[in-house]
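Numbering (my numbering), first residue to last: -14 to 294. Note that the Cβ used here is the ideal one computed from N, Cα and C, for glycine as well.
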């Protein structure tokens, strides 16, 4: 045809024979010429169910096939989704112009997702505004350097992981800003978020008397979970030892008659037994500590009085 304007055209035909006789018009063929593309669809939105990780609105995901939704298309138009310049999926808009596309996309940081619509006539709209999405399917490294803090490691040695604190504080390192979960065996006993340097601190829920094998896992912003850390074994002991035997003034310190407990020694020595092996025994005169010593493997001890009057 000659050029047809935008719009609907009712086309008919007539035949003229060699003698010049003209037929009646044919039935009409209605043809619509549409050279006007639709408006750009809305920017795509990452569906909450596809926005994995701690937040469902941060546009960081580990989804294998993330779903994007939007609106603003013509009814029945084909909406194309692009990840950068690559076509990532398409779908047909419903009667209200809404659409949902399950995409195929590789990993990448802040990928610009845009959409366009193609109407029934084949007119292609402008691209929508972009949505930046990070696709991360790589698990973080396991947390490291689990340690019972010195303040929670009670007793005379604050590095032996033996404590009477039933809600001890554990520290360690992990991927920066990751979510750290602390386990006692398979039981969760605490959580925390690592800071920008990857340092975290968790005060556990109450631990029973006994040995506890603590591990940690890190979850990144996309929801990827690390393997477990190495084990930190912490022993909680809230059971005091038995009452010790009464101290005995050593014969070497019991001057003159060595069984009368009368002495002129400036620093008398007292001995006894019944302690736990390796326990520290404290000697008191009235309510004042006057010396201490570590019990031997048999629970025996000997303390030199350091504050004799």
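Supposed contact pair residue j and residue i - C-beta distance, whole angstroms, cut 8 Å
i: residue 209; j: residue 47; result: 5 Å
i: residue 233; j: residue 256; result: 5 Å
i: residue -2; j: residue 11; result: 5 Å
i: residue 217; j: residue 131; result: 4 Å
i: residue 26; j: residue 108; result: Residue 26 to residue 108, Cβ: 13 Å. No contact.
i: residue 263; j: residue 279; result: 6 Å
i: residue 195; j: residue 220; result: 7 Å
i: residue 15; j: residue -5; result: 5 Å
i: residue 120; j: residue 96; result: 6 Å
i: residue 89; j: residue 74; result: 6 Å
Separation of residue j from residue i, as counted between CA atoms
i: residue 168; j: residue 224; result: 24 Å
i: residue 294; j: residue 243; result: With a pLDDT of only 46 at residue 294, under the threshold of 50, the placement of this residue in the model should not be trusted; the figure read from the coordinates follows. If I take the Cα positions, the gap works out to 19 Å.
i: residue 161; j: residue 67; result: 31 Å
i: residue 147; j: residue 118; result: 47 Å
i: residue 187; j: residue 38; result: 20 Å
i: residue 250; j: residue 275; result: 14 Å
i: residue 265; j: residue 213; result: 36 Å
i: residue 79; j: residue 104; result: 13 Å
i: residue 41; j: residue 142; result: 46 Å
i: residue 28; j: residue 51; result: 15 Å
i: residue 154; j: residue 166; result: 13 Å
i: residue 239; j: residue 248; result: 5 Å
i: residue 295; j: residue 34; result: Outside the shown range of the chain (-14 to 294) lies residue 295, about which nothing can therefore be said.
i: residue 270; j: residue 277; result: 12 Å
i: residue 158; j: residue 164; result: 11 Å
i: residue 69; j: residue 85; result: 18 Å
i: residue 102; j: residue 93; result: 25 Å
i: residue 62; j: residue 125; result: 41 Å
i: residue 285; j: residue 268; result: 14 Å
i: residue 0; j: residue 24; result: 43 Å
i: residue 231; j: residue 138; result: 29 Å
i: residue 254; j: residue 200; result: 46 Å
Simplified DSSP assignment, three categories, for residue i
i: residue 35; result: helix
i: residue -1; result: coil
i: residue 199; result: strand
i: residue 210; result: strand
i: residue 247; result: coil
i: residue 242; result: coil
i: residue 170; result: coil
i: residue 117; result: strand
i: residue 233; result: strand
i: residue 294; result: With a pLDDT of only 46 at residue 294, under 50, the local geometry of the prediction cannot be trusted, and no value is derived from it.
i: residue 150; result: coil
i: residue 5; result: coil
i: residue 97; result: strand
i: residue 223; result: coil
i: residue 192; result: coil
i: residue 70; result: coil
i: residue 41; result: coil
i: residue 204; result: strand
i: residue 186; result: strand
i: residue -14; result: coil
i: residue 90; result: coil
Counted within 10 angstroms of its Cβ, other Cβ atoms place residue i as buried (16 or more) or exposed
i: residue 181; result: exposed
i: residue 44; result: buried
i: residue 191; result: exposed
i: residue 189; result: buried
i: residue 273; result: exposed
i: residue 207; result: buried
i: residue 333; result: Residue 333 cannot be examined here, being either before or after the span of the chain that is shown, -14 to 294.
i: residue 245; result: exposed
i: residue 57; result: buried
i: residue 288; result: buried
i: residue 133; result: buried
i: residue -11; result: exposed
i: residue 175; result: buried
i: residue 49; result: exposed
i: residue 281; result: exposed
Beta-bridge pairing of residue i - partner residues as DSSP gives them
i: residue -7; result: 17
i: residue 133; result: 155
i: residue 75; result: 65
i: residue 274; result: 269
i: residue 287; result: 256
i: residue 85; result: 54
i: residue 175; result: 167
i: residue 218; result: 198
Proximity test, residue i beta-carbon vs the ligand GTP heavy atom, cut-off 7 Å
i: residue 251; result: This structure lacks the ligand GTP, and indeed carries no ligand of any kind.
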